[in-house]
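In our numbering, the protein residues as written are 20 to 299.
We treat Cβ as the ideally placed atom computed from N, Cα and C, and that holds for glycine.
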Amino acid sequence: MKLKPVFIKNDTTLYHADCLNLMEELEEEHPDGLFDLIFADPPYFLSNGGISCHAGKMVSVNKGKWDESKGIEENHEFNLNWLGLCQNLLKPNGTICVSGTHHVIHSVGYAMQCLGMKILNSITWEKPNPPPNLSCRYFTHSTETILWAAKSVKSKHYFNYQLMKEHNDGKQMKTVWKMGIPSKIEKSFGKHPTQKPIELLERIILASTEENDMVFDPFAGSSTTGVASMRNKRKFIGCEKEQDFVDLSIKRLSNLKQQIGLRHEKGRNRRSQNGHWVNL
Ligand SMILES: C[S@@+](CC[C@H](N)C(=O)[O-])C[C@H]1O[C@@H](n2cnc3c(N)ncnc32)[C@H](O)[C@@H]1O
């Protein structure tokens with residue numbers, strides 16, 4: 020491999036790179052696939068001068084250069100490109116979860132179908148306390164979508180049905196997940212503008228992988244996927260392009276023990292009999 024990791028700790032590895040380059044290199048070394056699960060939270064292409072509300076104040080929605088739209092066709096071309104590389108890197112029975120808002124998720128779903136992936140579920144993450152819509156001309160945006168797909172129609176994907184049922188008071192887990200945005204503790208090492216809650220990543224990982232499975236996140240951001248993988252004994256490879264977010268990721272991944280302690284003390288979670296984290 021020409022690219023060298025910037026962080027390695029046990030089974031957790033982070034690259035500071037463009038994920039397209041990293042995936043091309045990984046594919047050369049692992050032509051039969053490497054990952055059991057890929058979680059991707061790609062650019063949403065929504066940083067185009069809009070406004071939003073944060074802590075009661077009007078703020079720009081701009082998240083950074085990486086999130087600017089290049090136009091519908093170029094955005095879709097980009098989605099096809101990275102999703103195709105992800106597909107090649109999945110093991111035959113591996114699955115991919117992609118999160119996004121309406122700005123990107125329809126292109127992602129269409130690209131998945133064009134690539135011959137098998138869409139397994141469309142999950143809605145519902146945020147109980149979304150910021151109000153300041154323009155009062157739209158419904159309040161309060162959800163994100165997660166598309167869960169298998170590498171191909173032939174894949175025999177893994178789903179931990181029993182555990183999900185246990186986490187849902189003995190009833191089948193549905194596709195609407197009500198979860199808050201990341202807590203202050205999760206942002207104690209710094210902020211990422213689109214950081215996902217650890218709880219969300221833990222549910223995805225516990226539902227679709229087993230211990231020691233390989234998880235990949237091409238758009239790692241603050242490495243929430245890495246934190247959730249470490250907490251649940253999964254192997255992790257992440258990739259992030261921006262130096263600031265690489266630094267934040269390294270802080271989070273190095274201080275995992277402290278984070279587990281803080282989260283546990285807060286009393287939001289407890290370990291169930293089989294050792295997994297469940298909400299109280
Ligand atoms: C939506 S955010 C991911 C946030 C992440 N899920 C978290 O919880 O922190 C997307 C990230 O992808 C990064 N990114 C954008 N294009 C990239 C590329 N081509 N290769 C690697 N990272 C990229 C951005 O810098 C940004 O941090």
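Would you say residue i touches ligand 1, meaning its beta carbon is less than 7 Å from a heavy atom?
{"i": "residue 23", "result": "no"}
{"i": "residue 199", "result": "no"}
{"i": "residue 211", "result": "yes"}
{"i": "residue 243", "result": "yes"}
{"i": "residue 99", "result": "no"}
{"i": "residue 266", "result": "no"}
{"i": "residue 185", "result": "no"}
{"i": "residue 38", "result": "yes"}
{"i": "residue 260", "result": "yes"}
{"i": "residue 215", "result": "yes"}
{"i": "residue 60", "result": "yes"}
{"i": "residue 257", "result": "no"}
{"i": "residue 240", "result": "yes"}
Do residue j and residue i count as a contact pair if the criterion is CB distance below 8 Å?
{"i": "residue 241", "j": "residue 219", "result": "no"}
{"i": "residue 123", "j": "residue 64", "result": "yes"}
{"i": "residue 105", "j": "residue 36", "result": "no"}
{"i": "residue 223", "j": "residue 253", "result": "no"}
{"i": "residue 55", "j": "residue 234", "result": "yes"}
{"i": "residue 217", "j": "residue 243", "result": "yes"}
{"i": "residue 44", "j": "residue 23", "result": "no"}
{"i": "residue 25", "j": "residue 265", "result": "yes"}
{"i": "residue 32", "j": "residue 255", "result": "yes"}
{"i": "residue 237", "j": "residue 101", "result": "yes"}
{"i": "residue 250", "j": "residue 275", "result": "yes"}
{"i": "residue 161", "j": "residue 151", "result": "no"}
{"i": "residue 53", "j": "residue 108", "result": "yes"}
{"i": "residue 221", "j": "residue 239", "result": "no"}
{"i": "residue 192", "j": "residue 170", "result": "no"}
{"i": "residue 77", "j": "residue 153", "result": "yes"}
Quick one: measure Cβ to Cβ for residue i and residue j, integer angstroms, because I've assumed they're closer than 8 Å.
{"i": "residue 206", "j": "residue 147", "result": "With 8 Å as the limit, residue 206 and residue 147 do not qualify as a contact, their Cβ atoms being about 18 Å apart."}
{"i": "residue 176", "j": "residue 130", "result": "Rounded, the Cβ-Cβ distance is 19 Å, inconsistent with contact."}
{"i": "residue 163", "j": "residue 120", "result": "6 Å"}
{"i": "residue 165", "j": "residue 142", "result": "4 Å"}
{"i": "residue 179", "j": "residue 226", "result": "5 Å"}
{"i": "residue 81", "j": "residue 126", "result": "Incorrect: roughly 21 Å between the Cβ atoms, too far for contact."}
{"i": "residue 167", "j": "residue 140", "result": "5 Å"}
{"i": "residue 209", "j": "residue 110", "result": "At roughly 34 Å, the Cβ-Cβ gap does not stay under 8 Å, so residue 209 and residue 110 are not in contact."}
Confirm the yes/no value for this check: CB of residue i, any heavy atom of ligand 2, distance under 7 Å.
{"i": "residue 237", "result": "Among the ligands modelled here, namely ligand 1, ligand 2 does not occur."}
Entirely enclosed beta strand (DSSP E) segments - the stretch 152-230, minimum 3 residues:
162-169 and 195-197
Report the start-end ranges of each alpha helix (DSSP H) in the stretch 77-156 that is 4 residues or longer and not cut off at the edges.
91-108 and 124-133
Unbroken stretches of the alpha helix (DSSP H), 4 residues or longer, contained in the stretch 230-275
Fully contained in the stretch 230-275 are the following alpha helix (DSSP H) runs of length 4 or more, in chain order: 243-250 and 262-273.
Which ranges does the beta strand (DSSP E) cover as unbroken runs of at least 3 residues, wholly within the stretch 26-62, from first to last along the chain?
26-28, 31-35 and 54-59
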